[in-house]
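Asker:
In my numbering, the protein residues as written are 7 to 182.
1) Where residue 8 and residue 104 are concerned, what is the direct C-alpha to C-alpha distance, given to the nearest angstrom?
2) If you follow the beta strand (DSSP E) that residue 43 is in, where does it begin and where does it stop?
3) Is it the case that the segment 63 to 78 contacts the segment 110 to 117, given that we only count it when at least three CB pairs across the two stretches are under 8 Å?
4) Does the distance from the CB of residue 71 to the CB of residue 51 come in under 9 Å?
5) I'd like to check one pair, residue 85 with residue 15: are the Cβ atoms closer than 9 Å?
6) Going by C-alpha distance, which of 17, 47, 157 and 23 is nearest residue 83?
7) Count the other CB atoms within 10 Å of the CB of residue 174; is the residue buried (16 or more) or exposed (fewer)?
8) With residue 88 and residue 27 assumed to form a contact (beta carbons below 8 Å), what rounded beta-carbon distance in angstroms separates them?
9) How many angstroms separate the CA atom of residue 141 from the CA atom of residue 13?
10) Taking just the CA atoms, how far does residue 149 sit from residue 193?
11) Where does the unbroken beta strand (DSSP E) through residue 79 begin, and where does it stop?
12) Assuming the contact rule is C-beta atoms closer than 8 Å, residue 159 and residue 116 should be a hit. Round their C-beta distance to whole Å, please.
13) Is the CB-CB distance between residue 68 and residue 77 below 9 Å?
14) Return the CA-CA distance between residue 133 and residue 60, expressed in angstroms with no decimal places.
15) Spatial neighbours of residue 182 within its chain, please: C-beta separation below 6 Å, excluding the five flanking residues on both sides.
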């Protein structure tokens, strides 16, 4: 694959509920780049919701689909990609090799409130405890698997501005 610097891809990683999809969609618009949501692509290609994939085939099968999806997306150039929360588990090297990787960090209480409102397959039993466990398990993976950390505890515009500025600083100040 072409090195990240030449490819121009930006990938957002982070916990479910950290705002990856919302923020990355706005960043793509600000950068005039194509936007992809890896989880949505998996659902489209599998013809099943993520919850159904987990229930029918298990997490291991889902993670294999996720890796295949990310490989396809990272072959593109000048894209903004929102990953699923667990994409970092098996794909940190793949992501860093082919994109500027931003860990979208959010305070744990914000993540908990967002995730409790949604039906996520890995936290459906005792959501608050499971979310805390996932956070503790993944936090260092996100930190070690990224090129930079952007905190998303403020406004959407603040996060978009920080990431857009980081993109131009990394890839150069050439505006599209």
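Glycine included, every Cβ here is placed at the ideal spot set by N, Cα and C.
Answerer: With the given structure in hand:
1) With a pLDDT of only 48 at residue 8, under 50, the local geometry of the prediction cannot be trusted, and no value is derived from it.
2) 40 to 43
3) By the C-beta criterion, the segment 110 to 117 is judged not to be in contact with the segment 63 to 78, since fewer than 3 inter-stretch pairs fall below 8 Å.
4) Yes, the pair counts as a contact, with Cβ atoms nearer than the cut-off.
5) Yes, they are a contact pair.
6) 17
7) exposed
8) 5 Å
9) 30 Å
10) Residue coverage of the chain in this structure runs from 7 to 182, which leaves residue 193 outside it and unanswerable.
11) Premise fails: residue 79 lies in the alpha helix (DSSP H), 65 to 80, not in any beta strand (DSSP E).
12) 7 Å
13) no
14) 16 Å
15) Any answer about residue 182 is weak, because its pLDDT of 46 lies below 50 and its placement is not dependable; what the coordinates show is given next. Within the same chain, residue 182 has close Cβ partners 38.
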